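In what follows, a structure is listed as structure tokens, so that the remarks can point back to it.
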Amino acid sequence: MDSMVTYVISAARYILPVLALWVIFRCLRSMLREKYEPEVWGYVLDGGGDKVYPLYHWENLLGRARSADVSLDDKTVSRVHGVLIRDDDGMWRLYDTFSRGGAWVNGKNAAGNGAPVRSGDTIKLSGKELVFEDISAAKRAQLEAGRTPAGRNVGPGLTLFGLTVFQAFLLLEHTVTASAEYAASIILGFLALILIEWFCYFAMRSVRRNGFEVEILAFFLTTLGLSVVASSAPAEMFKQVVLIIAGVVMFFIMGWWLRDLGRTKKIRLAVAVLALLFLVLNLAISKVTNGSKNWISIGGFSLQPSELVKVAYIYVGAATLDRLFRTRNLIVFIAFSAICVVALALMGDFGTALIFFATFLVISFMRSGSIATVALAVTGAGLAGFLVLSIKPYIAQRFATWGHAWDDVYGAGYQQTRAMSAAASGGLFGKGAGAGWLKGVVAANTDMVYGVLCEELGLIMALCAILAILVLAFFAVRSAAHGRSSYYVIAACAAVSMMMVQLGLNVFGSMDILPFTGVTFPFVSKGGTSLLSCWMLLAFIKAADTRKGASFVVKSPEKVSGEEAEDR
Amino acid sequence: MKKVTRRAISALLVAALVIAGSVFYCWKYLKDGASWASYFGNENVSGTSSLTDRNGITLVSETGGKVTFSEDEATRKACYQTVGDMSGNIGTGALTQFAGRLAGFNYIYGTTDSKGTKVKLTLDSALCVKAYNAMNGRNGAVLVSNYKTGEILCMVSTPAQDPANPSKTPAEGTYLNKCISSALTPGSTFKLITLTAAIENVNDIYKQTFTCAGSVDVAGVKINCTGVHGNQTVEQALAHSCNCAFAKITQEVGADTMAAYAEKLGITTTHSLDGITTAAGRYDKAADGSSDLSWSGIGQYNDLVCPFSMLRLVSAIGNGGSFPEPTLLGHSEAEKETSMLSSATAGKMKDFMSYNVQYSYGTGTFPGLKMCAKSGTAEVGDGNTHAWFTGFLNDPDHPYAFVVVIENGGGGLRNAGAVANTVLQAAVKAGD
């Protein structure tokens, strides 16, 4: 019997990476096999119906530009002439985007706050006359029936079952290495995680939502995180499970809130102010830990406000199409970003400042489409960076160590050299969950978590963790093409970019390929606030997924068609 | 919307960077993983790792980060470049190259042995000390291997230093293992390559008579010989190391074939000594009919040869055409021999080299050794000459191949030949 157990456990080392790859590839395949089946929200008719432009989004750009959603071949029309926007209640509005010839709806000028558009109204762009037609409920139902529901090609239930088997084998490995004192709490922790994920799955099914790839990838990463905790800090298993539950709850709350674009937009300013207050509060009352000042303790709970500000930053940074083309500059957003980055720099949290900056680049490019803006920002940041390096010796030292970790194994290179050494020890399959030694080094389960993954679960599993985030990113980019609002598209792309930058700094920093900045690996690093913020960011990705019956964050078209449309 | 969705590419750009970084990491893991794993802070390797010679004499050991070299100073110096030092000054040293083995590391399973590992080299440290002493302060390289097994018994490069007490300003060339990492003007030892090419490509080579009047004119340039050798067979031409004869033979072989043989015999290519890349030599193809071509066949012109490549050539001749690659770690039975020459050619070359020793050097120079060899006195331009002596023992009980080079060491036979004799006498004694 004992030898049987030994066999299973030594086999687990090879079974785990196979299962992990299988789960990730099912998520990837599910995404790649979806056909492009856009939603249709209305039509723009040209020449009395000779030419019909379907409106695939809630926000549509009208103009002569080939990249306009309604691309009009008419000399009098400006390249970017106006935007036609639908709100949550099915009300349409036309906004003039500083066109040369002006825009009108039934003779009413659409400059400034725009003009409402109803089915049958005439839209006049300079000399060009078009007719807007809302989609009828019958037509919509017919179109909806033709779309493939999510999960049709690759069933999410089976993928989740695969993940559960993965978790079972991982738990088995832990039961061998864990000390008797903690074995029970580790087993309970894993069982709780399995319960949570299946609860989420059935909760989604109950509201007829079947797109579960994003959640599975997040649960996969969370599993790795739980394994790291079981190995490095088994006494905190319970706390970690509570945090996972809190993260999932925040994911649902955030997702539910994002369902309504109107209310989402309404509180943007409030969120911005709150975020800045958080940072100020942080600067004012936090103590210096490990050279940076990014923790605050409230009643025994320590909190990293900068993690929550990350979510707020994307919430504030994303924008709808009318804003994009009516407010030509990014000054307000740039100012907000600058304050965030400076505050983080003052805290000495160089890594997070870098993450904000990279996310800023993605958001500002997506909003402006201007390489010049991005180039300008990079130049500015470069100058600011020099300033920071000259006044913060702590950061300058990290730069000096970069690429020379092995020159100073007892000093500045202490953590990186241990992480690299342990990572190499793991080979492709690892020494087994809980069987490493790196976990005992300071910050191993946060800043050097990649080293722990490599050592205990092997290089393949560590690469799977990176792959899972990359698949999330591909998913967000692919969803972008079908997004209802540019707000969701920008937020989703910014969220995945933020995760990837964070991952890059964590992985390559601990392996001495980039300066070691001490940031967390999304979902995997132990750390409460970081886990919460990752689950919240995930809601942004869900908000861009408009596949039929896929995402609880996206209302089904029947629900948002609005009775008004039929009333009219 | 289309405008915005197209800009989603920016997220893919970030993804591309992450992918590039991951690929770079994997490459670094393959390149440096062994040395990361062998870091003494790695608790997966907690026991004592040691590197020993073939007789179990410890060359260096490491326990919990504490490195101890051999107790004997002469051994430390004689094996300096082969073993390497604490600072990693010698990139080809075993401490660097076999770090992964010492840590019990491989790429698939990581570190597999937590008790520490013993790596045994084929080297005979006592023989290395003999060679080091025979060099007597002169700079150069001594290589001895068993051509039947490929095992390298002696690998000494001078100048060397004591790794337990390293100098801050060591003599030039201290950090270089000249046996594998240098390429030197070969002089007359290159005639072995020219002759091999001639045997296989010049039909009437055995019927020809080569006349030497002390010098010969090639394309208006006078090529001097070491003496006036009169009429000779090709066998005698090698024994006389006659420049006049080889100037002619080289022209008969032709520039293309000469260059092809320099490559085929492994002179101009790099080789792998248990994963350590050795230095490539050089053979510049001169125009047919030119004096440069003749000089290139005599081992002058731009010719350069790495001692390791020369060891492979004489191993091939000694072992009948094919040979196990020289190794410091030993071979498994499954490994195939490298085939370099036909057995006919190898047999012919063996006869020539044996005749050379009997006729020119005298067997009394190497008492008791069944010596087949060729000397070289390579002119290096500043009036100095590198002394070369290379060959093998035609003795199934003592199948040793060897290369000795002394930089600026004067005549080949007199200087390098003497070192070879000393080291081989010791090797034969140790092998009995």
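From first to last, the protein sequence lines are chains A and B.
Under our numbering, read the first sequence as residues 1 to 568, first letter to last.
Under our numbering, read the second sequence as residues 1001 to 1432, first letter to last.
Virtual Cβ for every residue (Gly too), placed ideally from N, Cα, C.
Keep in mind that this is a model prediction, so the values were computed, not measured.
Could you name the residues that DSSP lists as bridge partners for Lys-1350 of chain B?
BP columns for Lys-1350 of chain B are empty, so no partner.
Are the C-beta atoms of Cys-1372 of chain B and some chain A residue less than 9 angstroms apart?
no
Within 9 angstroms of any Cβ in chain A, is that where the Cβ of Ser-1087 of chain B sits?
no
Of all Cβ atoms in chain A, is any one closer than 9 angstroms to the Cβ of Lys-1168 of chain B?
no
Per DSSP, what are the beta-bridge partners of Trp-104 of chain A in this structure?
A:Asn-109, A:Lys-124
Option nearest Ala-1245 of chain B by Cα separation, candidates B:Leu-1265, B:Val-1218, B:Thr-1268:
B:Val-1218
Return yes when the Cβ of Leu-1293 of chain B is within less than 9 angstroms of the Cβ of Ala-1255 of chain B, no when it is not.
yes
Ser-485 of chain A - DSSP class collapsed to helix/strand/coil:
coil
Ends of the alpha helix (DSSP H) at Trp-402 of chain A?
No alpha helix (DSSP H) holds Trp-402 of chain A; DSSP gives it neither H nor E.
Between which two residues does the beta strand (DSSP E) containing Leu-92 of chain A stretch?
One point to set straight first is that residue 92 of chain A is Trp, not Leu, in the sequence displayed. Run containing Trp-92 of chain A: 92–96, per the beta strand (DSSP E) assignment.
Looking at chain A, which residues of the region 1002–1015 of chain B have a Cβ within less than 9 angstroms of any of its Cβ atoms?
Lys-1002, Lys-1003, Val-1004, Thr-1005, Arg-1006, Arg-1007, Ala-1008, Ile-1009, Ser-1010, Ala-1011, Leu-1012, Leu-1013, Val-1014, Ala-1015
For the region 1135–1151 of chain B, enumerate the residues whose C-beta is nearer than 8 angstroms to any C-beta of chain A, in chain order.
none
Compare the Cα-Cα distances from Gly-1412 of chain B to each of B:Phe-1402, B:Ala-1401, B:Thr-1385, B:Asp-1395 and report the closest residue.
B:Thr-1385
Can you tell me the Cβ-Cβ gap for Arg-86 of chain A and Trp-92 of chain A, rounded? I've got them flagged as a contact below 8 angstroms.
5 angstroms
At the level of alpha carbons, what is the spacing between Ala-1015 of chain B and Cys-464 of chain A?
14 angstroms
Taking Cβ to Cβ, would you say Ala-480 of chain A is nearer than 9 angstroms to Ala-1008 of chain B?
yes
If the criterion is Cβ atoms closer than 9 angstroms, does the pair Ser-1188 of chain B and Ser-1125 of chain B meet it?
no
Along the chain, where does the beta strand (DSSP E) containing Lys-983 of chain B start, and where does it finish?
Because chain B spans 1001 through 1432 in this model, residue 983 of chain B falls outside it and cannot be assessed.
Does the distance from the C-beta atom of Tyr-1025 of chain B to that of Ile-513 of chain A stay below 9 angstroms?
yes
To the nearest angstrom, how far is it from the Cα of Arg-418 of chain A to the Cα of Phe-521 of chain A?
18 angstroms
Does any residue of chain A bring its CB to less than 9 angstroms from the CB of Gly-1254 of chain B?
no
Assuming the contact rule is C-beta atoms closer than 8 angstroms, Trp-381 of chain A and Phe-365 of chain A should be a hit. Round their C-beta distance to whole Å, please.
According to the sequence displayed, residue 381 of chain A carries Ala and not Trp. Incorrect: roughly 14 angstroms between the Cβ atoms, too far for contact.
Do the region 47–63 of chain A and the region 550–557 of chain A meet, that is, are 3 or more Cβ pairs less than 8 angstroms apart?
no
Can a CB atom of chain A be found closer than 9 angstroms to the CB of Val-1404 of chain B?
no
Can you determine whether any heavy atom of the ligand ADP sits closer than 8 angstroms to the C-beta of Ile-245 of chain A, and answer yes or no?
The model depicted lacks the ligand ADP and carries no ligand whatsoever.
Please report the straight-line C-alpha distance between Asp-73 of chain A and Val-80 of chain A, rounded to a whole angstrom.
12 angstroms
Pull up the distance between the alpha-carbon of Ser-71 of chain A and that of Arg-64 of chain A, whole angstroms please.
5 angstroms
Under 7 angstroms from the C-beta of Ala-1037 of chain B: neighbouring residues of chain A:
Ser-421, Ala-424, Ser-425
Which word fits Asn-1421 of chain B, buried or exposed, when buried means at least 16 other C-beta atoms lie within 10 angstroms of its C-beta?
buried
Is any beta-carbon of chain D found at less than 9 angstroms from that of Val-496 of chain A?
Looking for chain D here will not work: the only protein chains present are A and B.
Please state the DSSP three-state secondary structure of Glu-59 of chain A.
strand
What is the DSSP secondary structure of Thr-529 of chain A, reduced to helix, strand or coil?
helix
Within-9 angstroms CB hit, Ile-1223 of chain B to chain A
no
Short Cβ contact (9 angstroms threshold) for Trp-402 of chain A with Pro-515 of chain A:
yes
Let me know the secondary structure DSSP gives Val-1403 of chain B once reduced to three states.
strand
When you compare only the Cα positions, how much space is there between Ala-565 of chain A and Ala-270 of chain A?
A caution first: Ala-565 of chain A carries a pLDDT of 43, below 50, which makes its placement in the model too unreliable to give a value.
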